[in-house]
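>
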Amino acid sequence: MSNFIRNIKGTKDILPLDSRLWLETESIIHNFMSLHGYDLIRTPVFEKTELFNRSIGENTDIVNKEMYTWIDRDGTSLTLSPESTASVVRSYIQNQLGNLSPIQRLYYIDSSFRRERPQKGRQRQFTQYGVEAIGSNHPEQDAEVILIAFRIYQMLGIDDLEVNINSIGSQESRAKYIDALKKFLIPYKSKLSTISQDRLESNPLRILDSKSKKDLEIIKDAPSISDYLNQEDKSNFNAIQELLKVLDIPFKINTNLVRGLDYYNGMIFEIISNSIGAQSALCGGGRYDKLIEQLGGKPTPAVGFAAGLERLMLILKTQSDNLVHSVDIYIISSSDKFISKSIAIGDTLRNRLGIKVINETLRRSMRSQMREANKINAQFVIIVGQEDVATDEVIIKNMKDGSQINASVDEIENYFGVDYEYK
Ligand code: AMP
């Protein structure tokens, strides 16, 4: 394998045994979104770099060191999308979706790209699903977004969840708080971790997010954002909490919760699971009322979340025993001269009954074909061209109970048409 070309570090193939679970989960997400009145939006995988610089923020990890950026042949700087909100908002403005309806409920399932250090639950290409509710600044919209994020996990049977919420207030409240936080931290600067020392200048709020023990010890006495919220921030945040209680969504207020992207204001939230290791954040989101204006649209309030599908899969894989490849019928030919008949039977059954039928194409011995049928968990086997069976008949074998019958080709369809429905 010396000249073999491997995949790129931090990317993963989704192999057939897993892709079944992926498809099922994606289909649950699509249905779930539709149930809540959200419509799918698909945006391009790359955009002008400036879109991400202006939305995510120049001083964030994503923009500073994680984007896959290149100069295109015409000199334009382009970037593989590191998250989807910026693209969705760009599309919302460009296509004047606001004119169609004052509230746009959008969702996506798309690839994101970040040059992070790969580890369990952290990849360089990963999949995010998420919603963007654009148009309402009311707390019920925040609650709806949290509800969707939370209920998907609940519906999938994941119970060990923690919903953390916080309010980082309006731009003005936040500016005052950042000032106070900096003043508090400056005397401790030399005791902070190196990364937090850098952040003290570039993005002090992110220090609250630090995992370093040294930092945590200092931060625990830092001023709290909750003391800097204005009346409107506070009453919005309270109203959201009241709605979450009505909806029976357990939550924790975490005043140290900040998000790695600059565009948030007001309510932010994160859902974590303690069963998937260090990368425990399943989903994060919040309000971003200024972003649309900032990207050139009319001032429009918005709230959304993004959730990682790979991390969700990590949990679902440990829960699922439904990974066995299973087919309805495996068709076996006793010799090469029955191949065309077998193929025709397979085609008819699939088309007329919509059931999953696989034809043998390796020309293996009867014994190997039977073994294959067992391996792929076939419910029935049809044997075409068995010696002591009339020429126009086949054997239908029920693999569950071992019983078998002879049937004419015309009867096969009837047999499965009736029998299959009541199974
Ligand atoms: P963010 O856009 O950073 O708020 O991330 C939202 C969610 O996407 C996180 O909670 C994770 O579930 C997922 N996520 C973010 N970065 C990665 C990554 N590098 N690999 C896998 N999942 C990720």
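Following this note's numbering, the numbering of the sequence shown begins with 2 at its first residue and continues without gaps.
From the three backbone atoms N, C-alpha and C, an ideal C-beta is built for every residue, glycine too.
#1: Does the distance between the C-beta of G122 and the nearest non-hydrogen atom of the ligand AMP fall short of 7 Å?
#2: Quick one: give me the first and last residue of the beta strand (DSSP E) that I332 is part of.
#3: Output yes or no for whether 8 Å exceeds the beta carbon distance between A307 and G286.
#4: In the DSSP output, what is Y39 paired with across the bridge?
#5: When you compare each of L98, W71 and R125 to E84 by their alpha carbons, which one comes out closest?
#6: If you reduce the DSSP assignment to three classes, tell me which class M268 lands in.
#7: Out of L206, L283, K184 and V64, state which residue places its alpha-carbon closest to the alpha-carbon of L162.
#8: How would you call I187, buried or exposed, if buried means at least 16 neighbouring beta carbons within 10 angstroms?
#9: Just to confirm, does G305 get its C-beta within under 7 Å of one of the non-hydrogen atoms of the ligand FAD?
#10: Which residue wins for smallest C-alpha separation from L245, given the options I196, A150 and S369?
#11: So who's on the other strand from N165, going by DSSP bridges?
#12: Out of D348, L24, R351 and I332, point me to the one whose CA is closest to M367's CA.
#13: Assuming the contact rule is C-beta atoms closer than 8 Å, R123 and Q280 should be a hit. Round their C-beta distance to whole Å, please.
#14: So, for Q95: in the same chain, excluding its five sequence neighbours on each side, which residues have a beta-carbon less than 7 Å away from its beta-carbon?
#15: Report yes if the C-beta distance between D263 and I42 is below 8 Å; otherwise report no.
#16: As an exercise, report each continuous beta strand (DSSP E) stretch of at least 3 residues that is fully enclosed by the region 168 to 252, in chain order.
#17: Please report the distance separating the alpha-carbon of F381 from that of S20.
#18: May I have the straight-line CA-CA distance separating N407 from T392, to the nearest angstrom?
#19: At a cut-off of 7 Å, would you count L101 as near the ligand AMP, judging by its Cβ distance to the nearest heavy atom?
#20: Consider the C-beta atom of E311 and the heavy atoms of the ligand AMP; say whether any pair is separated by less than 7 Å.
#21: Check whether the Cβ of G170 sits closer than 7 Å to any heavy atom of the ligand AMP, and report yes or no.
#22: For V247, does the count of other Cβ atoms within 10 angstroms reach 16, so buried, or fall short, so exposed?
#23: Could you check the C-alpha separation between I179 and G309 for me, to the nearest Å?
#24: Once the 5 residues before and after F275 are set aside, which same chain residues still bring their CB inside 8 Å of it?
#25: Measuring alpha carbon to alpha carbon, tell me which residue in Y265, Q405 and I241 is nearest P302.
#26: Checking 8 Å against the spacing of the C-beta atoms, do F252 and I384 come in under that value?
#27: Can you tell me whether T128 is helix, strand or coil according to DSSP?
#28: Under three-state DSSP, which class holds I377?
#29: Only counting the same chain, and skipping five residues up and downstream in sequence, which positions put a Cβ closer than 7 Å to that of G418?
Reading from the atomic positions:
#1: Taking the first residue of the sequence shown as 1, we reach residue 122 at position 121. Under cutoff, so the answer is yes.
#2: Mapped onto the sequence shown, residue 332 falls at position 331. Taken as a continuous stretch (DSSP letters only), the beta strand (DSSP E) holding I332 covers I330 to S334.
#3: Along the sequence shown, one-based indexing puts residue 307 at 306. Along the sequence shown, one-based indexing puts residue 286 at 285. Yes; because the gap between Cβ atoms is below 8 Å, this pair is in contact.
#4: Along the sequence shown, read from residue 1 onward, the residue named residue 39 stands at position 38. Paired residues: none, contrary to the question.
#5: Locating residue 84 in the sequence shown gives position 83, counting from the first residue. The shortest C-alpha separation from E84 is found at R125.
#6: What you label residue 268 is simply residue 267 of the sequence shown in a count that begins at 1. It is a strand residue.
#7: Residue numbering aside, residue 162 sits at position 161 when the sequence shown is read from its first letter. It is L283.
#8: Along the sequence shown, read from residue 1 onward, the residue named residue 187 stands at position 186. I187 is exposed by the Cβ-count criterion.
#9: The ligand FAD is not part of this structure, which contains only the ligand AMP.
#10: Translated into positions along the sequence shown, residue 245 becomes position 244. Of I196, A150 and S369, the residue nearest in Cα terms is A150.
#11: By one-based count along the sequence shown, residue 165 stands at place 164. N165 pairs with K253 and E271.
#12: Mapped onto the sequence shown, residue 367 falls at position 366. Of the listed residues, the one whose Cα sits closest to M367 is I332.
#13: Here residue 123 corresponds to residue number 122 of the sequence shown, with the count starting at 1. Here residue 280 corresponds to residue number 279 of the sequence shown, with the count starting at 1. About 5 Å; that satisfies the 8 Å criterion.
#14: Within the sequence shown, residue 95 is the residue found at index 94, counting from 1. There are no such residues.
#15: Residue numbering aside, residue 263 sits at position 262 when the sequence shown is read from its first letter. Residue numbering aside, residue 42 sits at position 41 when the sequence shown is read from its first letter. No, the Cβ-Cβ distance between D263 and I42 is not below 8 Å.
#16: none
#17: As a first step, residue 381 must be located in the sequence shown, where it is residue number 380. As a first step, residue 20 must be located in the sequence shown, where it is residue number 19. Approximately 24 Å, taken between the alpha carbons.
#18: As a working mapping, residue 407 is identified with position 406 in the sequence shown. As a working mapping, residue 392 is identified with position 391 in the sequence shown. Taking the straight line joining both Cα atoms gives about 11 Å.
#19: The residue labelled residue 101 in the question sits at position 100 within the sequence shown. Not so, every heavy atom of the ligand AMP lies at least 7 Å from the Cβ.
#20: In the sequence shown, the residue the question calls residue 311 occupies position 310. Correct: E311 has its Cβ closer than 7 Å to the ligand AMP.
#21: The residue you call residue 170 lines up with position 169 of the sequence shown. No, since every heavy atom of the ligand AMP falls outside the 7 Å radius drawn around the Cβ of G170.
#22: Within the sequence shown, residue 247 is the residue found at index 246, counting from 1. Classification for V247: exposed.
#23: Here residue 179 refers to the residue found at position 178 when the sequence shown is read from its first residue. Here residue 309 refers to the residue found at position 308 when the sequence shown is read from its first residue. Taking the straight line from one Cα to the other gives about 29 Å.
#24: Residue numbering aside, residue 275 sits at position 274 when the sequence shown is read from its first letter. In the sequence on display, residue 275 carries Asn and not Phe. Excluding positions up to five away in sequence, the list reads D161, E163 and S281.
#25: Here residue 302 refers to the residue found at position 301 of the sequence shown. Nearest of Y265, Q405 and I241 to P302, Cα basis: Y265.
#26: Locating residue 252 in the sequence shown gives position 251, counting from the first residue. Locating residue 384 in the sequence shown gives position 383, counting from the first residue. No, Cβ-Cβ distance for F252 and I384 is not below 8 Å.
#27: To locate residue 128, count along the sequence shown from 1; it is residue 127. T128: strand per DSSP, three-state reduction.
#28: For the purposes of this step, residue 377 is taken as residue 376 along the sequence shown, with counting starting at 1. Look at I377 here: in three-state DSSP terms it is coil, with no helix or strand label.
#29: Within the sequence shown, numbered from 1, the residue matching residue 418 stands at position 417. Cβ neighbours of G418 beyond the five flanking positions: L354.
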